[in-house]
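Engineer:
There are 2 protein chains.
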Amino acid sequence: MKFSPLVDELIHALKGLPGVGPKSAQRMAFQLLERERKGGLALADALQQAMSDVGHCHTCRTFTEEHQCAICASPKRNLAGQICVVETPADVLAIESGGHFNGRYFVLLGHLSPLDGVGPDELGLTLLEQQLASDDINELILATNPTVEGDATANYIADIARQHEVKISRIAHGVPVGGELEYVDSTTLALSFNGRLPL
Amino acid sequence: MKFSPLVDELIHALKGLPGVGPKSAQRMAFQLLERERKGGLALADALQQAMSDVGHCHTCRTFTEEHQCAICASPKRNLAGQICVVETPADVLAIESGGHFNGRYFVLLGHLSPLDGVGPDELGLTLLEQQLASDDINELILATNPTVEGDATANYIADIARQHEVKISRIAHGVPVGGELEYVDSTTLALSFNGRLPL
Ligand SMILES: [Zn+2]
Ligand SMILES: [Zn+2]
Numbered sequence: 001m002k003f004s005p006l007v008d009e010l011i012h013a014l015k016g017l018p019g020v021g022p023k024s025a026q027r028m029a030f031q032l033l034e035r036e037r038k039g040g041l042a043l044a045d046a047l048q049q050a051m052s053d054v055g056h057c058h059t060c061r062t063f064t065e066e067h068q069c070a071i072c073a074s075p076k077r078n079l080a081g082q083i084c085v086v087e088t089p090a091d092v093l094a095i096e097s098g099g100h101f102n103g104r105y106f107v108l109l110g111h112l113s114p115l116d117g118v119g120p121d122e123l124g125l126t127l128l129e130q131q132l133a134s135d136d137i138n139e140l141i142l143a144t145n146p147t148v149e150g151d152a153t154a155n156y157i158a159d160i161a162r163q164h165e166v167k168i169s170r171i172a173h174g175v176p177v178g179g180e181l182e183y184v185d186s187t188t189l190a191l192s193f194n195g196r197l198p199l
Numbered sequence: 001m002k003f004s005p006l007v008d009e010l011i012h013a014l015k016g017l018p019g020v021g022p023k024s025a026q027r028m029a030f031q032l033l034e035r036e037r038k039g040g041l042a043l044a045d046a047l048q049q050a051m052s053d054v055g056h057c058h059t060c061r062t063f064t065e066e067h068q069c070a071i072c073a074s075p076k077r078n079l080a081g082q083i084c085v086v087e088t089p090a091d092v093l094a095i096e097s098g099g100h101f102n103g104r105y106f107v108l109l110g111h112l113s114p115l116d117g118v119g120p121d122e123l124g125l126t127l128l129e130q131q132l133a134s135d136d137i138n139e140l141i142l143a144t145n146p147t148v149e150g151d152a153t154a155n156y157i158a159d160i161a162r163q164h165e166v167k168i169s170r171i172a173h174g175v176p177v178g179g180e181l182e183y184v185d186s187t188t189l190a191l192s193f194n195g196r197l198p199l
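Residue numbers (the UniProt record's numbering), protein chains in the order written: chain A, 1 to 199; chain B, 1 to 199.
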């Protein structure tokens, strides 16, 4: 024990956050105790609720506490007949901040990685194929990261999609090779949407 | 709304932590949701309990959920008859990690700062004076930070202590001027204890 059991436990739990080391955890704990007790309680509530109630959208797999996320539930977003496939919910946010895409998304929550046990099932590809088989969808835009794994995943999905009546494209210009989609500015992302190439 | 209400709220609450910007808050939220739900719930519990139950030691003012902290409650630490005055609970930890001080502490929870409304009352100096007036205490070691405010605070407390039968000293060598005590290594801190000068 370094301080008191409750303070030690708080510091230990804060260290569990990504990017938070022992010293930052201590600073966070003391700042919360000294001047942010209300903020600390609000964070406790937010964590409790989100960890317990947030699941995945039954259509696109992004995080939501509802059956469907706001985008999938919007009739306007379904009109376009486009599905954009991304790796993470953060990628959805990056593309949405550009405001140039009006279709909806499919979130893989990862990429193919056989060594880590991530195959087509883990990425929900059966669910995606059901959607491609429906008449509503006429274009599939593959926006996985331009990495080896992201490219392999895009090609795998393109092979599935070719069995259905959909245009298939891969976002192209602007996203730096080896980079991560969520860090690209919205203009570059717009370019890469406009310059998408048929696969 | 960017994601769903619960996810947005979690990101917003995480941004309240010191040193956490919007991007880190988002990363933290997604990592917790994706692979650390148990850790997130444990953090919620730890926050809830610490924010509600942790108060201040009635003797030295450091953080504790008990009436007295472990150091003040230890008869061994009271035998020495020494009180070391520091600004923050983190300073206590820094000195304790050296293991060379066997007395107890008094934690000001700040320093004199009239412009911010921090005067002798806010630093608990009446409580400290009551302890100096008792027969048990024979030495007061002033270990406030070697900054303008820390020095002024040490001098102010020394003036009070001179009205009582106690040796008064200020830690001296090793702590870099303008630096913060909690970042000094334990050897340097040991030196500064050994080289303390009477005031
Ligand atoms: Zn959705
Ligand atoms: Zn104490």
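Just so it is clear, CB atoms sit at the ideal spot from N, CA and C, and this is done for glycine as well.
Note that this is a predicted model, so its numbers are computed, not measured.
1. Which residues of chain B have a Cβ atom closer than 9 Å to the Cβ of ALA73/A, listed in chain order?
2. Along the region 82-96 of chain B, where does the CB come closer than 9 Å to a CB of chain A? Name the residues.
3. Using C-beta distances below 7 Å, list every residue in its chain close to residue 204/A, excluding the 5 sequence neighbours before and after it, in chain order.
4. Could you tell me the alpha carbon to alpha carbon distance between ARG131/A and THR62/B, rounded to whole angstroms?
5. Where the beta carbon is closer than 6 Å to any heavy atom of ligand 1, which residues qualify, in chain order?
6. In terms of residues, what are the limits of the beta strand (DSSP E) holding GLU96/A?
7. With a cut-off of 8 Å, do at least 3 Cβ pairs link the region 143-151 of chain B to the region 86-99 of chain B?
8. Buried or exposed for GLN26/B, going by 16 or more other Cβ atoms inside 10 Å?
9. According to DSSP, ILE11/A sits in a beta bridge with which residue or residues?
10. Check whether the region 34-51 of chain A touches the region 45-60 of chain B, taking contact to mean three or more Cβ pairs, one atom from each stretch, closer than 8 Å.
11. Does VAL107/B have its Cβ less than 9 Å from a Cβ in chain A?
12. Checking the sheet assignment: what are the DSSP bridge partners for PRO120/A?
13. Can at least three beta-carbon pairs, one atom from the region 119-126 of chain A and one from the region 75-83 of chain A, be found at a separation below 8 Å?
14. Apart from the five residues on each side of it in sequence, which residues of its chain come closer than 7 Å, Cβ to Cβ, to ASN138/A?
15. What is the DSSP secondary structure of CYS60/B, reduced to helix, strand or coil?
16. Using three-state DSSP, classify PHE72/B as helix, strand or coil.
17. Report the residues of the region 41-59 of chain B with a CB closer than 7 Å to any CB of chain A, ordered along the chain.
18. Given that residue 214/B touches chain A, what residues does it touch there, using C-beta distances under 9 Å?
19. Taking 8 Å as the cut-off, is the CB of THR64/B close to at least one heavy atom of ligand 2?
20. With SER24/A as the anchor, note down where its alpha helix (DSSP H) starts and where it stops.
21. Does the separation of the CB atoms of ALA125/B and LEU14/A fall below 9 Å?
22. Counting only Cβ pairs nearer than 8 Å, list the residues of chain B close to GLN26/A.
23. Once DSSP output is grouped into helix, strand and coil, what is the label at GLN163/B?
24. Identify which residue in ALA46/B, ARG104/B and THR64/B has its Cα closest to the Cα of SER74/B.
25. Residues of chain A with a CB under 7 Å from the CB of GLN130/B: which are they?
26. Using beta carbons (cut-off 9 Å, strictly below), is PRO5/A in contact with chain B?
27. Using a Cβ-Cβ cut-off of 9 Å, state whether ARG37/B counts as contacting chain A.
28. Would you tell me roughly how many angstroms separate the C-alpha atoms of VAL107/B and ASP45/B, rounded to the nearest one?
29. Grab me the residues of HIS67/A's own chain with a C-beta within less than 6 Å of its C-beta, minus the 5 sequence neighbours each way, in chain order.
Structural biologist: Taking the structure as given:
1. Residues of chain B with a Cβ closer than 9 Å to the Cβ of ALA73/A do not exist; the shortest Cβ-Cβ separation is about 11 Å.
2. Going along the region 82-96 of chain B in chain order, one finds THR88, PRO89, ALA90, VAL92, LEU93 and GLU96 with a Cβ nearer than 9 Å to chain A.
3. The first residue shown for chain A is 1 and the last is 199, placing residue 204/A beyond what the model contains.
4. Note that residue 131/A corresponds to Gln in the displayed sequence, not to Arg. Going by the C-alpha atoms only, they are around 60 Å apart.
5. Screening all residues for a C-beta within a distance smaller than 6 Å of any heavy atom in ligand 1 leaves CYS57/A, THR59/A, CYS60/A, THR62/A, GLN68/A, CYS69/A, ILE71/A and CYS72/A, in chain order.
6. It is not in any beta strand (DSSP E) - GLU96/A instead sits in the alpha helix (DSSP H) that spans 89-98.
7. Yes, the region 143-151 of chain B is in contact with the region 86-99 of chain B.
8. Classified as buried, GLN26/B has 16 or more neighbouring CB atoms from the shown chains inside 10 Å of its CB.
9. BP columns for ILE11/A are empty, so no partner.
10. Contact annotation: the region 34-51 of chain A touches the region 45-60 of chain B, with at least three C-beta pairs closer than 8 Å.
11. The C-beta of VAL107/B comes no closer than 9 Å to any C-beta of chain A.
12. DSSP output for PRO120/A lists no bridge partner at all.
13. Judged by Cβ distances under 8 Å, the region 119-126 of chain A makes no contact with the region 75-83 of chain A, as fewer than three pairs qualify.
14. Closer than 7 Å at the Cβ level, and outside the excluded window around ASN138/A, lie GLY81, VAL166 and LYS167.
15. In this structure, CYS60/B counts as coil in the three-state DSSP scheme.
16. Residue identity differs from the one stated: residue 72/B is Cys in this sequence, not Phe. CYS72/B falls in the helix class under three-state DSSP.
17. Of all residues in the region 41-59 of chain B, only LEU41, ALA42, LEU43, ALA44, ALA46, LEU47, GLN48, GLN49, ALA50, MET51, ASP53 and VAL54 come within less than 7 Å of chain A when Cβ atoms are compared, listed by chain position.
18. Because chain B spans 1 through 199 in this model, residue 214/B falls outside it and cannot be assessed.
19. Answer for THR64/B: yes, Cβ within range of ligand 2.
20. That run of the alpha helix (DSSP H) goes 22-35.
21. This sequence places Leu at residue 125/B; Ala is not what is there. The criterion of a C-beta distance shorter than 9 Å is not satisfied by LEU125/B and LEU14/A.
22. From the beta-carbon of GLN26/A, the residues of chain B found nearer than 8 Å are ALA90 and LEU93.
23. The answer is coil: DSSP assigns GLN163/B none of H, G, I, E or B.
24. Among ALA46/B, ARG104/B and THR64/B, the Cα nearest to that of SER74/B is on ARG104/B.
25. None at all; the shortest Cβ gap to chain A is about 23 Å.
26. Yes, its Cβ sits closer than 9 Å to a Cβ of chain B.
27. Cβ-Cβ to chain A under 9 Å: yes for ARG37/B.
28. Cα-Cα distance, rounded: 27 Å.
29. Cβ neighbours of HIS67/A beyond the five flanking positions: HIS58.
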